[in-house]
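Count the sequence shown with numbering that gives the first Met the number 0 and you get residues 0 to 431, in order. Think of the CB as a built atom: it goes at the ideal place given N, C-alpha and C, for glycine as much as any other residue.
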Amino acid sequence: MSHPDNTPATSRAARLQACAEALIHRLRPWSWLWPPIAFAAGLGSFFLVERQQWLGALLALGMLGAWLLLLSESLIGRLLARRGYPTLPRTVTQFIAQMIHQETLFFCLPFLLATTVWRSGQALFTLLIIAMALFSVLDPLYHRIAERQRWFYFAFHAQCVFLVVLVTLPTLLHLTTYQSLLLAIAAMLLFSLPSLLHLTANQRGQRWLMVLVLLPLLAGAAWAGRIWVPPASLWITATALSPGFDEAARAPSGELRLTPEALSSQGLFAYTAIRAPRGLREEIQHVWRQNGQEVDRIPLVIEGGREAGYRAWSHKQNFPESPAGHWRIDVMTEGGQRIGVIRFQVAEDESATLADGRPRRPAGLPRLAWQPHVPGDGEAEGAEMTSQEAAMEQTPGDAESDKGESDAEESGDESEVSPADTPVPATAGKSE
């Protein structure tokens, strides 16, 4: 029986290996072009999710395919080595891994930049991803870490896996951000195993015991830090506060200075338009907080595909006996990720927020909410929608049916008086 090294298959494998090495050698001088190309692809995919869903999904599928190639490369290499076939040198496989890391980080960056609430812990997560992206293009540092600090390299790899699952699954499989988050954490834990094994390499007999202890700790830390992770598939396109709401037009209406007396007599509507990929159906929550303390949590169901954003609103009628103070409405996913924040001030004087019912878009570039938008507070934090946009937003003809409606029962709560330290149920929450 001839040795595998002498077979025609081995010769073909050797020729393919030589061709791959030659191709990588030619590509190396041009590798600096890959990060901006990946960023442009991510930016295009982000906007194509709105305009051309299939094309945006195709770009995301291409990136996921690259990851499958990277993950299978090690397994294929080991199978070939066991049969005596030549394998690619480590420098080549490391270069391919670097390209896929760069593709992942720069592709996902537009999604994170657009959905991050910058005056929150989410900014730290997005800044971490930016730092990882910059690290991936610094060849000497990247390769030195990959060679000498294998545990750090595999941790870097696991974080990239977390990111690619988090960003691509809502678009490709129409999974909710909660489901995608759970799968992303599971994938990160799986691909953290090599990092933990390298980290505990000197423990010998206790090595696996330490790994089994560290994995649940890592899972708990990932779950506890989920509020710092931007919901890469959801972003707010407009918000408003108002004393009234025109349900026929699906539009906030009226104007009110938010004093304690006014809130007690009229209540307050919080309106949000949230953009999501077509086919995605997800539960969100309006979480009302006074001076940092949760007062109400109102669930709403939204559906993706509406260019102007899926419109959801909650109506709070019962406020504490002392409603004065700093209020905020956290718009949250079912899994606890923050989509956006509406802040307002309740006071006896002119410092009270003016709820004027005018929908506002985020400040800065489209859908890049560098500051949380505060409707009607007189600050130039969000650009007011043009009359044409407002008309489009308020036209009932372009709306879907009310099948996504989610109402809390009104049971005479207006006449009830609750202690200031007791959470008071909101009257209603709806989405369309």
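Over what stretch of residues does the alpha helix (DSSP H) that includes residue i continue unbroken?
i: P215; result: 206 to 223
i: M167; result: For clarity, residue 167 is Thr in the given sequence; the question names Met instead. Per DSSP, T167 belongs to the alpha helix (DSSP H) from 149 to 172.
According to the neighbour-count rule (16 or more other Cβ atoms, all chains shown, within 10 Å of its Cβ), is residue i buried or exposed?
i: D401; result: In this prediction, D401 scores a pLDDT of 29, lower than 50, which makes its location untrustworthy; the coordinate-derived value is nonetheless stated afterwards. Under this definition D401 is an exposed residue.
i: Q101; result: buried
i: I328; result: buried
i: Q289; result: buried
i: D138; result: exposed
i: Q205; result: exposed
i: W312; result: buried
i: A390; result: In this predicted model, A390 has a pLDDT of only 36, less than 50, meaning its place in the structure is not dependable enough to derive any value.
i: R337; result: buried
i: S386; result: Per-residue confidence for S386 stands at a pLDDT of 35, beneath the threshold of 50, marking its modelled position as unreliable; no derived number is given.
i: G120; result: exposed
i: D295; result: buried
i: P365; result: Only weak support exists for where P365 lies, its pLDDT of 43 falling under 50; the value from the coordinates is given anyway. So P365 counts as exposed.
i: G308; result: buried
i: L180; result: buried
i: L208; result: exposed
i: C18; result: exposed
i: L32; result: exposed
i: A247; result: exposed
How about residue i: is its C-beta nearer than 8 Å to some C-beta of chain B?
i: I283; result: Given the protein chain composition of this structure (a single chain), no chain B is represented.
Considering just the uninterrupted stretch of the beta strand (DSSP E) at residue i, what are its terminal residues?
i: I185; result: Note that residue 185 is Ala in the sequence shown, not Ile. Here A185 belongs to no beta strand (DSSP E); instead the alpha helix (DSSP H) covers 176 to 198.
i: I328; result: 324 to 332
i: V294; result: 292 to 302
i: F318; result: Element bounds for F318: n/a, residue is neither H nor E.
i: G243; result: 243 to 245
i: I226; result: Note, I226: premise wrong, no beta strand (DSSP E); not H, not E.
i: E349; result: Counting along the chain, E349 falls outside any beta strand (DSSP E), and DSSP gives it neither H nor E.
Which residues does DSSP list as the beta-bridge partners of residue i?
i: L255; result: A354
i: Q121; result: According to DSSP, which records beta bridges pairwise, Q121 is partnered with nothing at all.
i: I273; result: I235, Y309
i: Q284; result: P298, M331
i: F343; result: W326
i: Q289; result: Q292, W326
i: A250; result: D245
i: L240; result: A269
i: R337; result: M331
Look at residue i and residue j and say whether their C-beta atoms are less than 8 Å apart.
i: R256; j: A351; result: yes
i: V164; j: A145; result: no
i: A237; j: A275; result: no
i: G303; j: G324; result: no
i: L353; j: K315; result: no
i: L262; j: F318; result: yes
i: F106; j: G41; result: yes
i: L162; j: I128; result: yes
i: L123; j: A231; result: no
i: T34; j: V136; result: Note that residue 34 corresponds to Pro in the displayed sequence, not to Thr. Yes.
i: G339; j: V116; result: yes
i: F38; j: L126; result: no
i: L217; j: L188; result: yes
i: F190; j: V160; result: yes
i: P259; j: E349; result: no
i: V300; j: W326; result: no
i: Y141; j: Q97; result: yes
i: A223; j: I341; result: no
i: P229; j: T103; result: no
Return yes when at least one heavy atom of the ligand ATP lies under 7 Å from the C-beta of residue i, else no.
i: P358; result: Ligands displayed in this structure: none; no statement on the ligand ATP is therefore possible.
Given 8 Å as the limit, is there contact between the stretch 341 to 358 and the stretch 234 to 241, that is, 3 or more CB pairs closer than that? The stretch 341 to 358 vs the stretch 234 to 241: in contact.
Three or more C-beta pairs below 8 Å linking the stretch 143 to 157 and the stretch 182 to 200: Flag = yes, the stretch 143 to 157 and the stretch 182 to 200 touch.
Is it true that the stretch 269 to 289 meets the stretch 329 to 343, where meeting means three or more beta-carbon pairs spaced less than 8 Å apart? As far as the Cβ criterion goes, the stretch 269 to 289 touches the stretch 329 to 343, which means the pair count is three or higher.
Using 8 Å as the cut-off, can you tell me whether the stretch 164 to 180 makes contact with the stretch 209 to 217, which would need three or more C-beta pairs spanning the two stretches below that distance? Counting Cβ pairs under 8 Å, fewer than three are found: no touch.
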